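Participant: Take the sequence shown: its letter number 137 is residue 668 in our numbering, and every next letter is one higher.
Here a beta-carbon is modelled for each residue, glycine too, at the ideal position from N, C-alpha and C.
What you are looking at is a predicted structure, and each value in this text was computed from that prediction instead of being measured.
Got a structure here, written out as structure tokens. Questions coming.
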Amino acid sequence: MKKLKTLFYAIAFVGALTSCSDTLDLAPEDYYASGNYWKTQAQFEGFMVGMHNSLRGDYSNVFVLGEARGGTQKFGTSTMSTSLNYSSPIKNNAFTKDQTGVGGWASYYGRILQVNLFIQKAEAATAAVLPDAAKNYLLGQAYGLRAYYYFQLYKTFGGVPIVTEPKPTTTSDPTKLSTARSTPKQTLDFVKQDVEKSEQYFSSDNFTLKSRRAMWSRAATLVLKGDVYLWSAKVAVGDQAPTDVSGDLTKAENALLAVKNSGKFGLLSKFEDVFSTSNKGNNEIIFAIRFADGEATNNAAEFLYQDAVFLNQYIGYNGKVMKDTLNLKGTGGVFRNEYKFELFASYDNADTRKRATFLDYYKVANGDTTVRAVVLRKFVGSINTTNNRVYDSDIPVYRYADVLLLLAEIANKKGEDPSGYINDIRKRAYGPTFPVYTNGTFEENELAILKERDKEFVWEGKRWYDLRRMQNAAGKPLAFAAAANYPATAPVLLETETHKLLWPIDVNTLNADPLLKDQQNPGY
């Protein structure tokens, strides 16, 4: 199980991110370093930078928890004969109480404890240390981050332990929180409370965006609010049932419309430009996880070809032998994550997202195509100043296309026409001759919205959550609909596997804390 650092070391690390002129003298006997830290606005801002650095360490969870089990990934052995990561139990949804995929609450509590400490110190800070305007903005960020973390936990496990104190421990073991598990309703209610607190602290902010949109902001809180209340309106988890659908949809819609109408965001004219490393912090980005050469890079190489098993062995869609088409310069890692060709084939050839997202390759023998496959192209990074390929693409958490498609989903649930939002997305993807979508039945609309989301948000951690939240005409999750899968011959989950909508909790976590004994999710 992955161990988490003590809060003392978290503070020491964050201190390294502040100004070079700041010399930090942290007293080792004091986990809070209260005698030496939390004395200036710069120190609070430095800790906030550190919490975002910690969030960057969570980016793999964005894919693992939010996308990998959503039916768009191959599992087992790749087309290039490599062993694929997360194959079982995650990508094949073969979860049991002993095969849980992740452990230790997916390592979220170490990050949450850092945020708890920040909130405690910031709320206690005097105006002489932290002026009101700065204090409100920083607390808006902190409550937004904590709401985001707990919402991830809620979508994954349902009810979880709610910890609001820093709780430093000498063992730094996330399984020893000494806190009972809350119910799903209590957990979602807590998320809503933190979202509201974040929004209140941001109330006087006019959509300030910092660090090329890689720091939490009022807009990020509002999109999170829209996401949270849409889940509340549609998804039943344990004792959490959609009881105020109309009210929840109104709250979700108003939050998203506030972002839409702010004038700060919009769709870029070219899909590929959204992810260009020379165009970071563009108008489509609402909040992204930052990567930079010399600072930290992502693991996109795991989705790309390795020279030894790819070059000169396949042909492209144009019939030419494949060389180093993406100019990886030998940096492609062992091919560990592969998207299904059926997802690629679902795009029209006129859809610019198709080859901005994927590079397709083939093998032909005796006139028959024996291999059809793709690698990810979308987050390929850049060539740095030393002429090396680096994987420094920012990973969006929220962008404007998400706002439009969430609004489409809200309109559909309200019985209204979502086609305008869908067509906004299609127009950017196809250009002026885009295939116009016309309003259909609830289920037709829901599937159309899902398919647009599938094409927009590859490797952005949306697909599994979409299958959980989106519904057929009977109100059942699209995780059980064959039409929502790739290929559309069988669903991602069978209806006899409803317990798998939530992940199992690993045995070590349950056994480590007496308050969690016999608290496994139902069905496991």
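Closest to W990 by C-alpha separation, out of I926, G1006 and G863, would be which residue?
Facilitator: The shortest Cα separation from W990 among I926, G1006 and G863 belongs to I926.
Participant: Taking the DSSP output, what are the residues bridged to P1008?
Facilitator: The partner list for P1008 (beta bridge, DSSP) reads Q1002.
Participant: I'd like the span of the alpha helix (DSSP H) that includes T883, first residue to last.
Facilitator: Note, T883: premise wrong, no alpha helix (DSSP H); not H, not E.
Participant: How long is the line joining the alpha carbons of A772 and K851, rounded to whole angstroms?
Facilitator: Distance between the alpha carbons of A772 and K851: 55 angstroms.
Participant: Going by the DSSP bridge assignment, what does S913 pair with across the sheet?
Facilitator: Answer by DSSP bridge pairing, in chain order: V921.
Participant: Where DSSP assigns a beta bridge to Y892, which residues make up the other side?
Facilitator: In the DSSP output, where bridge partners are listed per residue, Y892 has A904.
Participant: Three-state secondary structure (DSSP) at I817?
Facilitator: Three-state result, I817: strand.
Participant: As an exercise, report each continuous alpha helix (DSSP H) stretch of at least 4 residues that is fully enclosed by the segment 957–988, in chain order.
Facilitator: Listed in chain order, the complete alpha helix (DSSP H) runs (minimum 4 residues) inside the segment 957–988 are 973–987.
Participant: For Q604, which beta-bridge partners are listed by DSSP?
Facilitator: According to DSSP, which records beta bridges pairwise, Q604 is partnered with Y870.
Participant: Just mark Q604 as buried or exposed, buried being the case when its beta carbon has 16 or more other beta carbons within 10 Å.
Facilitator: Label assigned to Q604: buried.
Participant: Enumerate in chain order the residues of its own chain whose CB-to-CB distance from S552 is below 8 angstroms, with the five nearest sequence positions on each side excluded.
Facilitator: With a pLDDT of 32 at S552, under the threshold of 50, the predicted position of this residue should be treated as unreliable, and no value is reported.
Participant: Going by Cα to Cα distance, which pick from N1003, P662, K982 and A764 is closest to L780?
Facilitator: Closest by alpha carbon: A764.
Participant: By the 10 Å Cβ neighbour count, where 16 or more other Cβ atoms means buried, how is K570 classified, buried or exposed?
Facilitator: K570 comes out exposed.
Participant: I need the boundaries of the beta strand (DSSP E) containing N929, first residue and last residue.
Facilitator: The question names Asn, yet the displayed sequence has Tyr at residue 929. Taken as a continuous stretch (DSSP letters only), the beta strand (DSSP E) holding Y929 covers I926 to R930.
Participant: Which residue marks the beginning of the alpha helix (DSSP H) containing M582, and which one marks its end?
Facilitator: Residues Q572 to R587.
Participant: I'd like to know whether the C-beta atoms of A711 and P692 end up nearer to each other than 8 angstroms.
Facilitator: Yes, the Cβ-Cβ distance between A711 and P692 is below 8 angstroms.
Participant: How do the segment 861–869 and the segment 882–899 stand: do at least 3 beta-carbon pairs fall below 8 angstroms, yes or no?
Facilitator: Touching, no.
Participant: How far does the alpha helix (DSSP H) with W747 in it reach, from first residue to last?
Facilitator: Careful: W747 lies outside any alpha helix (DSSP H) and carries neither H nor E.
Participant: Which residue marks the beginning of the alpha helix (DSSP H) containing A678, and which one marks its end?
Facilitator: Here the alpha helix (DSSP H) through A678 covers D663 to F688.
Participant: Pick out whichever of D720, T888 and L978 has its Cα sitting closest to the Cα of V768.
Facilitator: The shortest C-alpha separation from V768 is found at D720.
Participant: Taking only three categories from DSSP, how would you classify T771?
Facilitator: A small correction: the amino acid at residue 771 is Gln; Thr does not occupy that position in the sequence shown. Here Q771 sits in strand by DSSP.
Participant: In chain order, what residues of the same chain have a beta carbon less than 7 angstroms from the beta carbon of L890, not counting five sequence neighbours either side?
Facilitator: Here the set comprises T856, L857, V905, V906 and R908.
Participant: Cα separation between V921 and R600?
Facilitator: Going by the C-alpha atoms only, they are around 27 angstroms apart.
Participant: Buried or exposed: which applies to V790, given that a residue is buried once 16 or more other Cβ atoms fall within 10 Å of its Cβ?
Facilitator: V790 is buried by the Cβ-count criterion.
Participant: Can you find at least 3 beta carbon pairs, one from the segment 870–883 and one from the segment 648–655, that sit closer than 8 angstroms?
Facilitator: Contact between the segment 870–883 and the segment 648–655 is absent, because fewer than three Cβ pairs lie under 8 angstroms.
Participant: Could you check how far apart the C-beta atoms of T687 and Y1055 are, in whole angstroms? I think they sit under 8 angstroms.
Facilitator: In fact, because the Cβ distance is near 14 angstroms, the residues do not count as touching under 8 angstroms.
Participant: For E826, which of S913, S735 and D923 has the nearest alpha-carbon?
Facilitator: Here the closest residue by C-alpha is D923.
Participant: Please name the residue, chosen from K958, K944, T969 and Y952, that lies closest to A1005 on a Cα-to-Cα basis.
Facilitator: Taking only the C-alpha atoms, the option nearest A1005 is K944.
Participant: I953 by DSSP, collapsed to three states: which one?
Facilitator: DSSP places I953 in helix when its eight states are reduced to three.
Participant: For Y852, write down the residues that DSSP places opposite it in a beta bridge.
Facilitator: Note on residue identity: the sequence assigns Val, not Tyr, to residue 852. Beta-bridge pairing links V852 to I846.
Participant: For A932 versus I953, is the C-beta distance shorter than 8 angstroms?
Facilitator: It is not a contact, given that the beta carbons lie outside the stated cut-off.
Participant: In chain order, what residues of the same chain have a beta carbon less than 7 angstroms from the beta carbon of Y929, not counting five sequence neighbours either side?
Facilitator: The answer, listed in chain order, is A751, V754, I817 and F818.
Participant: Between the segment 604–616 and the segment 628–643, do at least 3 Cβ pairs fall closer than 8 angstroms?
Facilitator: Because the criterion of three Cβ pairs below 8 angstroms is not met, the segment 604–616 and the segment 628–643 do not touch.
Participant: Taking DSSP as the reference, what is the three-state secondary structure of A1021?
Facilitator: Here A1021 sits in coil by DSSP.
Participant: Exposed or buried, Y1017, counting other C-beta atoms within 10 Å across all chains shown (16 or more means buried)?
Facilitator: Classification of Y1017: buried, given that the 10 Å Cβ count is 16 or more.
Participant: Under three-state DSSP, which class holds S614?
Facilitator: Reduced to three states, the DSSP call for S614 is strand.
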